[in-house]
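Shown next, in structure tokens, is the structure this report addresses.
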Ligand code: AMP
Ligand code: SF4
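Residue numbers (the numbering used here): 31 to 501.
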């Protein structure tokens, strides 16, 4: 494996979703519905590890929640506490060995771990741990964290967790489960979302609040940046911090693309922020047109806002085949392009002879926009104006969101006018950085993929970004 492959291998921990339950009778059922409502965060694999307070049970597999779990294997997970994971990965990231949660057997007590996010110093830590005798089974950051936890078995568990968290850098929402406690941990930059709710005398924790509604839980609060929240089997809860300095750097792409519209991220509803982004976009980049069309489903909210503000009627000019997975799930560019064709069709009776404004939430490689402009023109649109409800993506994400590498990012290489020509639109405009902050009702958040101002030191990740000589 060469250096680049190795770095790529290390970068397996893409978006993903985590969900946990403690002190709820038949937790396995809550887990099933919780993970199902986080399915949009990852469709490649999923798993649950549960405990009855003595033994651990696990079911993991590749595929969707409905494919991996059934009433028989859920019965085997019968428990009062559990953690689970849905997994997303890019090319090379597949394989059952990377499906979480991981169950670690140890003389000091078994424990399970899963996480969402990406560590930027995983390569350095792995190398260091291997030099001192650790052997890894997977390429996951969770395994690195587990080895750090167990480096000094004399330490009390809380202190071991703190010390381990202080060695890792990057974006993470970790859940750990031993036979007595659930540990909930969020990075000091709060890059990945993580929230807490109560349910039937117990607690649930989830990457997104949409899962609470589904399982009938009541939202309590978001996990604080740098927090270690421990809940034991008697319901006692202790909040501790591993870092003194914490930052409000929640990922902007969670608002823009990744989270479900019915989730609230740090108090702001995702649909509402996307709608507001559409309104601001209509003010920042107005256009004379006959119809506003959305790209199903991720830009629906933004186009409602754009249409409302611009007073241009919005219509369903594009239709999506629901039975094709998300475009990005296809591993190669050729497959991705095929995926877009299979996924979307334009409706001629709506767009023919019209000046169309099409709203998308983001433009990454331009694959989708290019296809959409062509689809609309083939269906008879007179003009096609593309409006993107986020700023140009000029830098790759090192925190676990698959926004691609410099090489593939159109806005890293071309001006807006050059991109307009590439996608063959009559006009193209993006939302400003100030616009996205305003839409999300925030003063601060991670906008690194739009401006290159990464909130952490980058360690090996900078080499990955640097590989085509930029940065
Ligand atoms: P592209 O076709 O490469 O320009 O990607 C843009 C399209 O992919 C948009 O329609 C987005 O809704 C979607 N998208 C943006 N970011 C991601 C991501 N990290 N993973 C999967 N899809 C994405
Ligand atoms: Fe999110 Fe972009 Fe920051 Fe990555 S770089 S965490 S995608 S805002």
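All C-beta atoms, glycine included, are put in the ideal place defined by N, C-alpha and C.
Q.
Less than 8 Å separating the Cβ of residue 440 from some heavy atom of ligand 1?
A. yes
**Q.** Candidates 280, 326, 235, of which the one nearest residue 350 by Cα
**A.** 326
Q. For residue 130, does the count of other Cβ atoms within 10 angstroms reach 16, so buried, or fall short, so exposed?
A. buried
Q) Under the rule that 16 or more other beta-carbon atoms within 10 Å means buried, what is residue 121, buried or exposed? A) In this prediction, residue 121 has a pLDDT of 39, which is less than 50 and means its spatial position is unreliable; what the coordinates show is noted afterwards. Burial call: exposed.
(Q) From the DSSP secondary-structure annotation, give me the bridge partner or partners of residue 460. (A) 418
Q) What residue does the beta strand (DSSP E) around residue 127 start on, and which one ends it? A) It is not in any beta strand (DSSP E) - residue 127 carries neither H nor E in the DSSP assignment.
Q) Is residue 61 helix, strand or coil by DSSP? A) Secondary structure at residue 61: helix, using DSSP grouped into helix, strand and coil.
Q: Could you tell me the distance, in whole angstroms, from the CA atom of residue 252 to the CA atom of residue 146?
A: Distance between residue 252 and residue 146, taken at the CA atoms: about 15 Å.
Q.
Suppose you measure from the CA of residue 390 to the CA of residue 306; what does that come to, to the nearest Å?
A. 14 Å
Q) Per DSSP, what kind of secondary structure is residue 252 in: helix, strand or coil? A) strand
Q. Where residue 269 and residue 254 are concerned, what is the direct C-alpha to C-alpha distance, given to the nearest angstrom?
A. 9 Å
Q) Measuring CB to CB, does residue 431 end up less than 9 Å from residue 388? A) The Cβ-Cβ distance between residue 431 and residue 388 does not fall below 9 Å.
Q: Taking residue 271 as part of the beta strand (DSSP E), name the residues at either end of that continuous run.
A: Note, residue 271: beta strand (DSSP E), 267-271.
Q. How big is the Cα-Cα spacing for residue 165 and residue 174?
A. Spanning the two alpha carbons is a distance of roughly 10 Å.
Q) Would you call residue 161 buried or exposed, if buried means 16 or more other Cβ atoms sit within 10 Å of its Cβ? A) exposed
Q. With a CB to CB cut of under 7 Å and the five nearest residues on each side skipped, what residues in its chain are close to residue 462?
A. 314, 421
Q | Contacting residues, own chain, Cβ-Cβ under 8 Å from residue 403 (five flanking each side not counted) | A | 388, 414, 416, 453, 454, 455
Q. Is residue 315 helix, strand or coil when you go by DSSP?
A. coil
Q. Where does the unbroken alpha helix (DSSP H) through residue 102 begin, and where does it stop?
A. 101-106
Q | Spatial distance of residue 285 from residue 425 (CA atoms) | A | 18 Å
Q) For residue 437, does the count of other Cβ atoms within 10 angstroms reach 16, so buried, or fall short, so exposed? A) exposed
Q) Between residue 464 and the rest of its own chain, which residues show a CB-CB distance below 6 Å, the 5 nearest in sequence each way excluded? A) none
Q. Which residues, in chain order, sit with a beta-carbon under 5 Å away from any heavy atom of ligand 2?
A. If you measure from each CB to the nearest heavy atom of ligand 2, the residues under 5 Å come out as 281, 282, 283, 427, 429, 431, 476, 478, 479.
**Q.** Alpha-carbon to alpha-carbon, residue 411 and residue 90
**A.** 47 Å
**Q.** Distance cut-off 8 Å: residue 171 Cβ against heavy atoms of ligand 1
**A.** Not so, every heavy atom of ligand 1 lies at least 8 Å from the Cβ.
Q: Give the straight-line distance between the Cα atoms of residue 476 and residue 444, rounded to the nearest whole angstrom.
A: 23 Å
Q. Is residue 486 near ligand 1, going by C-beta to nearest heavy atom under 8 Å?
A. no
Q: Using only the heavy atoms of ligand 1, determine whether one of them is closer than 8 Å to the beta carbon of residue 288.
A: At least one heavy atom of ligand 1 falls within 8 Å of the beta-carbon of residue 288.
Q. Considering only residues of the same chain and omitting the five flanking positions on each side of residue 126, which have a CB-CB separation below 8 Å?
A. 75, 90, 91, 92, listed in sequence order.
Q.
Suppose the cutoff is 6 Å on Cβ atoms and the five residues either side in sequence are ignored; what does the same chain contact list for residue 393 look like?
A. 399, 418
(Q) Tell me the rounded alpha-carbon separation between residue 489 and residue 479. (A) A direct Cα-Cα distance of roughly 17 Å separates residue 489 from residue 479.
**Q.** C-alpha gap between residue 215 and residue 260, whole angstroms
**A.** Answer to the nearest angstrom: the Cα atoms are 9 Å apart.
**Q.** DSSP three-state assignment for residue 337, whether helix, strand or coil
**A.** helix
Q: Could you tell me which residues DSSP pairs with residue 322 in its beta bridges?
A: As a beta-bridge residue in DSSP terms, residue 322 pairs with 344, 387.
Q: Starting from the C-beta of residue 484, find all residues in its chain whose C-beta is less than 7 Å away, skip the five residues before and the five after it, and write them out in chain order.
A: 428, 478
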